[in-house]
Amino acid sequence: MINRKKTIGEFIFLFVIIAAFIQSVIKLMRRASTGWDHEIYCKASEVWSSGLDPYIAENLGMKLSYSYPALFLTFYQYLCSIKFIFIYIDILLIGVIVWLLVRKLSSSLIVALPVVLLGYNSTYSNIETGNLGVVEAFLLTLALVFTVQKKNWSSIFLVPMAFLKIVPSMLALPIWFSSPKWKDRAIQFIVFVGGMISLIVANIIFSKELALSFFRQLTGGYLNQHSPANEMTANASNPTVLLFFKNLAMMFTEQYWFAIFVILVAGLAALTYWVWKNTIRNEASALYRLCWSYLLILMWIPRLKPYALILLCVAMVPLLSRVPRRFAFWIFFVTVFHRVLNGTKNNEWWELISNNTAIYTMIAVLILLTLQWRKQRQTSKDVDV
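For the sequence shown, my numbering assigns the number -10 to the initial residue and increments by one for each residue that follows.
In structure tokens form, the structure reads like this:
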């Protein structure tokens, strides 16, 4: 009887989660415009097709600029004829991600579905903007699946997105060292680096001029226009721990901010070591070692957008599936409702504090999950004794 009530309760919970997600998607699809990232990709495709440079914002006629390789446009141009096609693709990939997490990565459906759909509001951010974050999460999930299956070429799945973004490049590191054999590590490294070099060469062969323009845009070489290089401010649209520490230190004192920044970074390093010591160091499971590694790496990423937090959700799911269900639900609700504060430009301190709630949540979740993990490990040792 108790199990039946539990099953019904879980079914109702999943129904509410799915209904909330569908309602959000329907709301987005009723707007006049599509996601701004999708619009940039399509406008860049149009400009490129007309023979102009898509990396010059003036050619796009938009406030934001295009910052991906030109080779990407040859594929994306076919996705611009259907208004919300990126939403359909995202929903399909989300379903596949959840299926892979449950069937291949020892995760619970009652944890995987809510966290992927609503965790950190990251899936919503991807659907709202038309960003490639869900595709990125799908490729990361595939990399996890094949790494756990001991395929020494699994890092190949991170190559396409690493060619476009910096985060997947960092996420390749744990996969390189996932095997105890140096031969397998070398193969993982060669596969990833070889794949990256191949795409870079292909982009140059495709168009040397556009390849040079791409790197110029990427490094902020074009003045008076948006580029990833000048997005180095920690706020709600860039929840990056290191930049937050820098901004916080400069708020205290502009003269000695670097000393305060070093102290804060040292604290983050100490936290990283503490988490590693209590989780990764003695963890037998390759899957859990990888997931913990990703949680730590994403704390050190120099640029992290809200839609990239879906990578954090994917890494959290196998870990939350192993801890007590009630604890997992509390963590889930914290990630969903972390944006309860709204920034205001009337007070710079309040703006700094309220616009970086994702960072506090990331740190809090990391600490709480580590404490729970350590508690379970200690309990397991006591039982064995």
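For every residue, glycine included, the Cβ atom is placed at its ideal position computed from N, Cα and C.
Environment of residue i [buried if 16+ CB atoms lie within 10 Å]
i           : result
residue 336 : exposed
residue 148 : buried
residue 63  : exposed
residue 213 : exposed
residue 70  : exposed
residue 315 : exposed
residue 119 : buried
residue 190 : exposed
residue 271 : exposed
residue 151 : buried
residue 264 : buried
residue 169 : exposed
Contacting residues, own chain, Cβ-Cβ under 7 Å from residue i (five flanking each side not counted)
i           : result
residue 57  : 153
residue 65  : 30, 34
residue 229 : 223, 290, 291, 292, 293
residue 234 : 250, 253, 254
residue 267 : 359, 362, 363
residue 23  : 72, 73, 119
Sequence-distant residues of its chain with Cβ nearer than 8 Å to residue i (five each side left out)
i           : result
residue 323 : 350, 353, 354
residue 98  : 3, 87, 91
residue 286 : 159, 160, 162, 163
residue 301 : 108, 109, 111, 283, 284, 287, 351
Through-space distance from residue j to residue i, alpha-carbon basis
i           : j           : result
residue 166 : residue 278 : 10 Å
residue 240 : residue 252 : 15 Å
residue 131 : residue 185 : 18 Å
residue 136 : residue 123 : 20 Å
residue 346 : residue 217 : 22 Å
residue 49  : residue 36  : 7 Å
residue 155 : residue 161 : 11 Å
residue 182 : residue 82  : 26 Å
residue 112 : residue 203 : 28 Å
residue 178 : residue 21  : 45 Å
residue 248 : residue 261 : 20 Å
residue 238 : residue 340 : 15 Å
residue 172 : residue 142 : 12 Å
residue 319 : residue -5  : 17 Å
residue 67  : residue 125 : 19 Å
residue 313 : residue 365 : 9 Å
residue 284 : residue 269 : 11 Å
residue 28  : residue 72  : 10 Å
residue 157 : residue 129 : 8 Å
Residue i beta carbon near the ligand COA (any heavy atom closer than 7 Å)
i           : result
residue 279 : The ligand COA is not part of this structure, which contains no ligands at all.
Nearest-angstrom Cβ-Cβ length linking residue i and residue j, presumed shorter than 8 Å
i           : j          : result
residue 116 : residue 76 : 5 Å
Same chain, Cβ closer than 6 Å to residue i, neighbours up to 5 away in sequence not counted
i           : result
residue 206 : 44, 56, 216
Please confirm if the region 85 to 92 is in contact with the region 40 to 48, defined as three or more CB-CB distances below 8 Å between the two stretches. At 8 Å Cβ cutoff, the stretches do not touch.
For the region 298 to 317 against the region 99 to 117, do three or more pairs of beta-carbon atoms, one drawn from each stretch, fall closer than 8 Å, so that the two count as touching? yes
Is the region 185 to 202 in contact with the region 253 to 270, if contact means three or more CB pairs nearer than 8 Å? no
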